[in-house]
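Student: Each protein sequence line maps, in turn, to chains A and B. First residue of the first sequence: 0, per numbering that gives the first Met the number 0; consecutive thereafter. First residue of the second sequence: 0, per numbering that gives the first Met the number 0; consecutive thereafter. Glycine included, every Cβ here is placed at the ideal spot set by N, Cα and C. Handing you a structure now.
There are 2 protein chains.
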Amino acid sequence: MANAFIPADTVPLGFQFNAVKAGIKASGNLDLAAAFAASGPASAAAMFTRNQVVAAPVAVGRKHLEITGGSVRTLIVNAGNANCATGEAGYNACKDVCFAAADTFQCEAPEVFPSSTGIIGVPLPAEKLISALPALHAGLGSTPEHVERFARAIMTTDTRPKVAYSTFEVDGKTVRLIGMCKGAGMIHPQMQLSSRPPAGGLSADAAPMDVASASSSLAPGGHATMLAYLFTDLEIKPLYLRNLLDGAVAPSFNSISIDGDTSTNDTVLMLASGASGAVYSPPHHPQVQAAVDQVCASLAHQIVDDGEGVTHVVTLQITGARTAAEAKQVAKAIAHSPLCKTAWSSADPNWGRILAAAGYSGVAFDPDKISVSIGGNTVFQSGAISPTFDKAATHTAMLEREFTIHLDLAQGEGCCTFLTCDLTAEYVRINADYST
Amino acid sequence: MANAFIPADTVPLGFQFNAVKAGIKASGNLDLAAAFAASGPASAAAMFTRNQVVAAPVAVGRKHLEITGGSVRTLIVNAGNANCATGEAGYNACKDVCFAAADTFQCEAPEVFPSSTGIIGVPLPAEKLISALPALHAGLGSTPEHVERFARAIMTTDTRPKVAYSTFEVDGKTVRLIGMCKGAGMIHPQMQLSSRPPAGGLSADAAPMDVASASSSLAPGGHATMLAYLFTDLEIKPLYLRNLLDGAVAPSFNSISIDGDTSTNDTVLMLASGASGAVYSPPHHPQVQAAVDQVCASLAHQIVDDGEGVTHVVTLQITGARTAAEAKQVAKAIAHSPLCKTAWSSADPNWGRILAAAGYSGVAFDPDKISVSIGGNTVFQSGAISPTFDKAATHTAMLEREFTIHLDLAQGEGCCTFLTCDLTAEYVRINADYST
């Protein structure tokens, strides 16, 4: 089948997708999605928000990966309700959905990975999700249309579905990688790997959904959170998968910010079916990391580009720092400065605000040595405005939807690239709507 | 003379004030202000921004206090031009104004304390300031009208002048304290004392304005920065004055944020003439600290209340933290969350966003034990929505211009009170204006 959005030969073998309308979204749109490892449990690795306040499905998903040692058969995602700030009932609703999905999709309950995104404080209508599971299962398929349905169902304030893919060779065999994600606000992911899985796999006496040790069941207001799912038909051990994912998330999802608000539900999950027959063996296959990097980078860019109220996507390139961590610290101060972000919205080459933000970032540097360029135009150097500063040209460069701000701290080799956006009245409008 | 704004008996003895139109502000309003210690050099203490990128007058003022050991005769403040990001010329302009003021006001150049606030990147027209100095000096006076002129002249995006005062007794003698300040955006002061003054006073061979060691000459865009000046006729040593000021600034100016952007020009200066004849001797006069605290608290509140685009002033009360520093860290995460701030603008009792911000603050706590109340209404406790949560009542409480959010972390005795505000489309409009 032809799909203008996703080419036919990009869907990894061994996975099926679907989405249905379970009646969670007020709009009546698709709101319940599944991905199913058709040929058996997939190798799995996940990264979750560093926010210590986490939603119930994050606690459950984390626990399930611990129990299985990194194996997922069925991914169930609902949008429209975050299943959050609902206390014990939140756990129970998540548990009920996982048990029912295990039944419908014929797997163990800990092999079900749950995700939720949407409004908070409203009890999750587990019964609506559960009654939709048979249709969700019955409609599974591997066409681009199925993938697109999945990508559309997980959207909240997103204006468009977000998909990226890569096809590459490993030892002469074709490997497919595809990723879908959502997120438009409350976006400043700070993802970390779930705890190292135990050596063994699914233990018979492990309580499938013991989340008593989980921290809590809270979540963002509104329709925020970043969710990203990657699927490949590569054969790969969970430990290697964790390394791949960790390596790809650092410069992508962990290097973007729309509003600096780190969500309680952020989740990145990567599944590998092995159905391509290609076996990953590091360090012999660097093209694999490159492909995962590329797909994550594309998805992360799509998130910022579709950010709430965004009219400009800004790449912050920080060089000359003592360390990469310090470079990122400077980038984040600039990315989270309301004064920088509002100036960008009007293409105002206001370097003073950029320098002020760098100055309060907590990173020590010599202001007399730094330089700043915007859209390729040097605006500041050696403690004062650049003698070659061309205000009109810089303003024109900033009228583009995307431009780069380069800040060189001139004191080391540490650097980073960080993706962010402007702050507009539309962002305020979207998030000031009385919605709780 | 009667003044509706400032009662007559509140102006400290020994000080004279004035302001004139030097032609710096595009509006043509008052833009050059002076305060003069008429009876001789005043005891002085100052706190400056922790931003490591600082404007020229901050570097010069800091240096002058070092040279004099904490003594100021003449304060010169201009608004409309921050004298920033202008390189070496910025230093020279500041020096020229100080030398000219020393000449006009008959004092030593290091006894002149300069401040600037306003637009950046535009060279300071020192000659305009210098030609206005004679009129500024000639019009000095001690009436409430003179104080009000001073307070109006230092305004930038402020919509109203900000003045607070206190009169109290020390050993049976009446002491007067008055403060004037400005600030409406780029407000997240993180003030620290200038370096400890040397034991000696003004040294004959000290280069009056050697700012070669100062870090730089940069400043915010637009018309931001907090400037605050306190005057008292108490007799007090500079060292005691530093302690008083430090004690008062921590819970006031250092516990407010409008937008999280810490300016490069923030300055708080306190001068004491001794003209009341009352001599401060700690710890026998606790009423002095109380008065300074009260005046600083009032000024800090006036700044937030007049913040750019502000429609709600929000007091964050954090209790039950392990330390006061951790309480403040949690407060700042909430105060700087765009999602919290936009929710407040529409009186949305969105506790999920508050919890999410606390969760990414970096302070460890147990989400299942915390509680949140908004405007006196308990909204969240024990990991879930409060059974007594009254959405309509909470929304109604948030329709007030001011309300308090109380977050109890239930793990210690550390607490703080932090003042902040909502984020509105008007803030974006003000700061997105193409102004560089």
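Buried or exposed: where does residue 232 of chain B fall if 16 or more other Cβ atoms within 10 Å of its Cβ makes it buried?
Tutor: By one-based count along the second sequence, residue 232 of chain B stands at place 233. Per the 10 Å Cβ criterion, buried.
Student: Return the chain-ordered ranges of every alpha helix (DSSP H) run that is complete within the segment 360-411 of chain A and spans a minimum of 4 residues.
Tutor: Qualifying alpha helix (DSSP H) stretches, in chain order: 390-398.
Student: Ordered along the chain, which non-local residues of its own chain (more than five positions away) have a Cβ less than 7 Å from that of residue 356 of chain A?
Tutor: For this step, residue 356 of chain A is matched to residue 357 along the first sequence. Closer than 7 Å at the Cβ level, and outside the excluded window around residue 356 of chain A, lie 332, 333, 336 and 339.
Student: Mind listing the chain E neighbours of residue 56 of chain B? Cutoff is C-beta to C-beta under 9 Å, in chain order.
Tutor: Absent here is chain E; the protein component of the structure consists of chains A and B.
Student: Which chain A residues sit within Cβ distance under 8 Å of residue 384 of chain B?
Tutor: Residue numbering aside, residue 384 of chain B sits at position 385 when the second sequence is read from its first letter. Within 8 Å Cβ-Cβ: 84, 85, 86 and 120.
Student: Residue 17 of chain B to residue 124 of chain B, Cα distance in whole Å?
Tutor: Locating residue 17 of chain B in the second sequence gives position 18, where the first residue counts as 1. Locating residue 124 of chain B in the second sequence gives position 125, where the first residue counts as 1. Taking the straight line joining both Cα atoms gives about 20 Å.
Student: Secondary structure at residue 228 of chain B, three-state DSSP: helix, strand or coil?
Tutor: What you label residue 228 of chain B is simply residue 229 of the second sequence in a count that begins at 1. In the structure shown, residue 228 of chain B sits in a strand (DSSP, three-state: E or B).
Student: Quick one: residues in its chain with C-beta nearer than 6 Å to the C-beta of residue 151 of chain A, no 5 flanking neighbours on either side, listed in chain order?
Tutor: On the first sequence, position 152 is the one that residue 151 of chain A refers to. Closer than 6 Å at Cβ, skipping near neighbours: 29 and 160.
Student: Would residue 420 of chain A and residue 306 of chain A be called neighbours here (beta carbons separated by less than 9 Å)?
Tutor: For the purposes of this step, residue 420 of chain A is taken as the residue at position 421 of the first sequence. For the purposes of this step, residue 306 of chain A is taken as the residue at position 307 of the first sequence. Result yes, Cβ atoms of residue 420 of chain A and residue 306 of chain A sit closer than 9 Å.
Student: By a C-beta neighbour count over all protein chains shown, 10 Å radius and 16 as the cutoff for buried, is residue 26 of chain B buried or exposed?
Tutor: One-based indexing of the second sequence puts residue 26 of chain B at position 27. With fewer than 16 Cβ atoms within 10 Å of its Cβ, residue 26 of chain B is classed as exposed.
Student: I'd like the list of long-range same chain contacts for residue 406 of chain B, defined as Cβ closer than 6 Å, with 5 residues on each side in sequence excluded.
Tutor: Residue mapping note: residue 406 of chain B aligns to position 407 of the second sequence, counting from 1. For residue 406 of chain B, where only same-chain residues beyond five positions count, the Cβ hits under 6 Å are 317 and 371.
Student: Residue 427 of chain A CB to nearest chain B CB: under 9 Å?
Tutor: Reading the first sequence from its first residue, position 428 is the one you call residue 427 of chain A. Closer than 9 Å to some Cβ of chain B, the Cβ of residue 427 of chain A qualifies, so yes.
Student: Less than 9 Å separating the beta-carbons of residue 315 of chain B and residue 418 of chain B?
Tutor: As a position in the second sequence, residue 315 of chain B is number 316, starting the count at 1. As a position in the second sequence, residue 418 of chain B is number 419, starting the count at 1. Yes, Cβ-Cβ distance for residue 315 of chain B and residue 418 of chain B is below 9 Å.
Student: CB residue 92 of chain A to CB residue 132 of chain A, shorter than 9 Å?
Tutor: Here residue 92 of chain A refers to the residue found at position 93 of the first sequence. Here residue 132 of chain A refers to the residue found at position 133 of the first sequence. No, the pair does not count as a contact, with Cβ atoms beyond the cut-off.
Student: Taking Cβ to Cβ, would you say residue 354 of chain B is nearer than 9 Å to residue 309 of chain A?
Tutor: For the purposes of this step, residue 354 of chain B is taken as the residue at position 355 of the second sequence. For the purposes of this step, residue 309 of chain A is taken as the residue at position 310 of the first sequence. No; because the gap between Cβ atoms is not below 9 Å, this pair is not in contact.
Student: Please report the residue range of the beta strand (DSSP E) in which residue 319 of chain A lies.
Tutor: Taking the first sequence and counting its residues from 1, the one referred to as residue 319 of chain A is at position 320. Element bounds for residue 319 of chain A: 312-320.
Student: Can you pull the chain A residues whose beta carbon is under 9 Å from the beta carbon of residue 506 of chain B, in chain order?
Tutor: In the structure as shown, chain B starts at 0 and stops at 435, and residue 506 of chain B therefore has no counterpart that could be examined.
Student: Leaving out five residues before and five after residue 320 of chain A in sequence, what residues of the same chain have Cβ atoms less than 6 Å from its Cβ?
Tutor: By one-based count along the first sequence, residue 320 of chain A stands at place 321. Excluding positions up to five away in sequence, the list reads 326, 408, 411 and 413.
Student: Where does residue 157 of chain B land, buried or exposed, given buried means 16+ other C-beta within 10 angstroms?
Tutor: On the second sequence, residue 157 of chain B is found 158 positions in, with the first residue counted as 1. That one is buried.
Student: What are the residues that DSSP puts in a beta bridge with residue 140 of chain A?
Tutor: Counted from its first residue, the first sequence places residue 140 of chain A at position 141. In the DSSP output, where bridge partners are listed per residue, residue 140 of chain A has A/16.
Student: Leaving out five residues before and five after residue 415 of chain A in sequence, what residues of the same chain have Cβ atoms less than 6 Å from its Cβ?
Tutor: As a first step, residue 415 of chain A must be located in the first sequence, where it is residue number 416. Excluding residues within five positions, the ones whose Cβ falls inside 6 Å are 317, 323, 326, 327 and 330.
Student: Quick one: does residue 335 of chain B have its CB under 9 Å from some CB of chain A?
Tutor: For the purposes of this step, residue 335 of chain B is taken as residue 336 along the second sequence, with counting starting at 1. So yes, residue 335 of chain B belongs to the interface.
Student: In the DSSP assignment, what residue or residues form a beta bridge with residue 175 of chain B?
Tutor: The residue given as residue 175 of chain B occupies position 176 in the second sequence. Residue 175 of chain B is bridged to B/166.
Student: Is it right to say residue 48 of chain B is buried, meaning 16 or more other beta carbons lie within 10 angstroms of its own, or is it exposed?
Tutor: As a first step, residue 48 of chain B is located in the second sequence; it is residue number 49 there, counting from the start. Burial call: buried.
Student: Taking C-beta pairs closer than 8 Å, name the residues in chain A that residue 389 of chain B reaches, listed in chain order.
Tutor: Working through the second sequence from its first residue, we reach residue 389 of chain B at position 390. Per Cβ cutoff of 8 Å: no residues; residue 389 of chain B is ~13 Å from chain A at best.
Student: In whole angstroms, what is the alpha-carbon distance linking residue 97 of chain B and residue 396 of chain A?
Tutor: As a working mapping, residue 97 of chain B is identified with position 98 in the second sequence. As a working mapping, residue 396 of chain A is identified with position 397 in the first sequence. Spanning the two alpha carbons is a distance of roughly 40 Å.
Student: For residue 36 of chain A and residue 186 of chain A, what's the separation of their Cα atoms in angstroms?
Tutor: Walking along the first sequence from the start, residue 36 of chain A turns up at place 37. Walking along the first sequence from the start, residue 186 of chain A turns up at place 187. The straight-line gap from Cα to Cα measures roughly 29 Å.
Student: Buried or exposed: residue 118 of chain B, going by 16 or more other Cβ atoms within 10 Å of its Cβ?
Tutor: By 1-based counting over the second sequence, the position of residue 118 of chain B is 119. The residue is buried, with at least 16 neighbouring Cβ atoms inside 10 Å.
Student: At 7 Å on the CB atoms, spell out the chain A contacts of residue 104 of chain B, in chain order.
Tutor: Taking the first residue of the second sequence as position 1, residue 104 of chain B is located at position 105. By Cβ distance, chain A contributes nothing, its closest Cβ being about 30 Å from residue 104 of chain B, past 7 Å.
Student: Taking Cβ-Cβ distances shorter than 8 Å, what residues in chain A pair up with residue 442 of chain B?
Tutor: With chain B running from 0 to 435 in the structure shown, residue 442 of chain B is simply not present.
Student: Decide if residue 439 of chain A is buried, meaning its Cβ has at least 16 other Cβ atoms within 10 Å, or exposed.
Tutor: Lying before the first or after the last residue shown, residue 439 of chain A is absent from chain A, which here runs from 0 to 435.
Student: Taking 8 Å as the cut-off, does the CB of residue 69 of chain A come closer than this to any heavy atom belonging to the ligand ZN?
Tutor: The ligand ZN is absent from the structure shown, which contains no ligand whatsoever.
Student: Do the CB positions of residue 72 of chain B and residue 111 of chain B come within less than 9 Å of each other?
Tutor: For the purposes of this step, residue 72 of chain B is identified with residue 73 of the second sequence, where counting begins at 1. For the purposes of this step, residue 111 of chain B is identified with residue 112 of the second sequence, where counting begins at 1. Yes, the Cβ-Cβ distance between residue 72 of chain B and residue 111 of chain B is below 9 Å.
Student: Determine the contact status of residue 64 of chain A and residue 272 of chain A, defining contact as a CB-CB distance below 9 Å.
Tutor: Within the first sequence, the letter at position 65 stands for residue 64 of chain A. Within the first sequence, the letter at position 273 stands for residue 272 of chain A. Not closer than 9 Å, so no.
Student: At what residue ranges does the segment 77-150 of chain A contain a whole run of the beta strand (DSSP E), taking only runs of 3 or more?
Tutor: Taking only runs of at least 3 residues, the beta strand (DSSP E) segments lying wholly in the segment 77-150 of chain A are 111-118.
Student: Please tell me whether residue 32 of chain B and residue 104 of chain B are closer than 9 Å, where the distance is taken between their beta carbons.
Tutor: Taking the first residue of the second sequence as position 1, residue 32 of chain B is located at position 33. Taking the first residue of the second sequence as position 1, residue 104 of chain B is located at position 105. Going by C-beta atoms, residue 32 of chain B is not nearer than 9 Å to residue 104 of chain B.
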